[in-house]
Each structure stands twice: as C-alpha cells, then as structure tokens.
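One structure is given below, encoded as structure tokens.
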Amino acid sequence: MAGHSKWANIQHRKGRQDEKRGKVWTRLTREIIVAARTGGGDITMNPRLRLAIEKAKAANMPADNIKRNVDKATGNLDGVTYEEIRYEGYGIGGAAIIVDCMTDNRVRTVAEVRHAFSKYGGNLGTEGSVAFQFKHCGQLVFAPGTSEDKVMEVALEAGAEDVLTDDDGAIEVLTAPGDYEAVKNALEAAGLKPEIAEVTMRAENTIDLAGDDAARMQKLLDVIEDLDDVQEVYHNASLSE
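Okay, so the sequence shown: first residue is 507 according to this note's numbering, each after it adds one.
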C-alpha cells in the first residue's frame, strides 16, 4: 500500500529538530515530569515515562538529571506543576497545525501561540477544528532500501496496524499507541532499525506547498516551535524548495 509521507520531508523535519537541540532537554524534562506525575515513577508500569526516558537517553541527558526530574514529579523533590494544553489552527494555504504545550501559565502560553499564528500568516482555531485530520498512532519510518518484505513480516506479526511503502522507497509502520513499544522492540530485535520512531499525530492527508508558500509555512512552524512552552508541533504540509 502506498504511503504519502515523503522521505525527503521526513528527513527535513528531522534535520530541523536536530538544529534545535538546545530546547530538547527542556522539552524532555517537562515530558518526564508530567509522565511521572500522571502515571507514577515506576517505568515498568508507566509506558509514557519509559518512552520519555528513552528519548532523554538518546539526547544524552545525564542519568542524574532524569532521576531528579522523576523525583520532582513523584513528590520526592519540590518542582513546578505543568499543565498539558493542545491548540489547533491553520497555516499557509489552509494547512492544519496542532500545537502541544506544557505550561505553568496558561494565559501566557495561549497569548504567545495566538501571536505567532496571527503574525506569521496563520489562524488559531477552536478545539477540534483540525484534530480530525490526524491520527494518534505509533510511527516507525525506515530508510529507502530497507527490505519491505522483512519489515512487513515482523511488524504485522508483532501487532502493527499497517505497513506503507512511499513512492521514494521509505517504509512506514503504523501501530496503535499501546502497541508501539512491542512492535518497535520486535523490529529492532530482527535487526531493523527505524530512522524515526515515535508516538505521534500523523496527518491523514497532506497539502503540498512550494516556493514562497513553503518558506512562509516553515517560518510559521519555526516561530511556534521556538516558543518556550511548546512541546510538539504537528502539521499536514508537505514542503518543497
């Protein structure tokens, strides 16, 4: 089955994230704290915390920092209380955007998000205005040249919902959020290492933007992503030079 998530677009997004490593630890810290506070500090019983710690280790966060953040969340240390908020809106060409935030000041956060949308050509929408265009799922993306047959065999056996092959050869495995870890572990045990592995909001359909529209959309996304309280930004725009 053909997929619509272009390899070049995925690599572009990954590259933009890599350029912003300065913010990564801040975002991971908040995710660890919220995950531990909502699900407890035992990683064997808390898959969200397990995933957050896995991401933190991949970003080279020291173990002491990780433990301290878990302790803050579970009451062993004093810490800030973060609230999770999701905003939805429209970008250039009507592209759908979801902005997930963690904040200790809801008034400040909504003002900053609204300002970013309005200043750079977007519109902040109401709750539910674009979320229906995305699917909450586990997503594992393999580089072109990976054995499609092997990925499909292992992934479906481990409980994946679907395996998509892109026009340019990238392979995308989709799972229910609760099955993500099991499928990822099975693929890695079979020697299949994904380039991207995450639980995400995946766009069901994409909007192609090029030239000036693509540049304006990228600027809007950059400004939103750079806001202190923003954790994740999801969109359905396919950007080309």
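The beta carbon of each residue, even a glycine, is placed where N, CA and C say it ideally should be.
Everything numeric in this text was worked out from a predicted model, so none of it was measured.
- Taken atom to atom, the span from the alpha-carbon of A541 to that of R533 is near 12 Å.
- Taking a cut-off of 8 Å on C-beta distances, the stretch 703 to 718 touches the stretch 733 to 747, as three or more cross pairs fall below it.
- The C-beta of F638 has fewer than 16 other C-beta atoms within 10 Å across all chains shown, which makes the residue exposed.
- Under the DSSP assignment, E589 falls in the beta strand (DSSP E) whose first and last residues are E589 to Y596.
- Counted as a single uninterrupted DSSP element, the beta strand (DSSP E) harbouring V679 occupies residues I677 to T681.
- Contiguous alpha helix (DSSP H) elements confined to the stretch 626 to 653 do not occur, taking only those with 4 or more residues.
- In this structure I603 does not touch G627 by the C-beta definition: roughly 11 Å separates them, more than the 8 Å allowed.
- The alpha-carbon of Q737 is positioned some 8 Å away from that of V605.
- In chain order, L557, H642, C643, G644, Q645, P683 and Y686 place their CB closer than 8 Å to the CB of V705, counting only its own chain and leaving out the 5 sequence neighbours on each side.
- With contacts defined by Cβ atoms closer than 8 Å, N566 and I539 do not form a contacting pair.
- It is roughly 22 Å from the alpha-carbon of A562 to the alpha-carbon of I591.
- Secondary structure note for A709: it is in no alpha helix (DSSP H), and the uninterrupted beta strand (DSSP E) holding it is I702 to A709.
- Taking a contact as a CB-CB distance under 8 Å, the pair G597 and L726 counts as one, their CB atoms being some 5 Å apart.
- Counting along the chain, the unbroken beta strand (DSSP E) around I713 starts and ends at I713 to L715.
- By the Cβ-count criterion, R536 is buried, with 16 or more other Cβ atoms from all chains shown falling within 10 Å of its own Cβ.
- Residue state for S746 is assigned as coil, using DSSP reduced to three classes.
- V729 and F623 have their alpha carbons spaced roughly 9 Å apart.
- Beta-bridge analysis with DSSP links E738 to D606.
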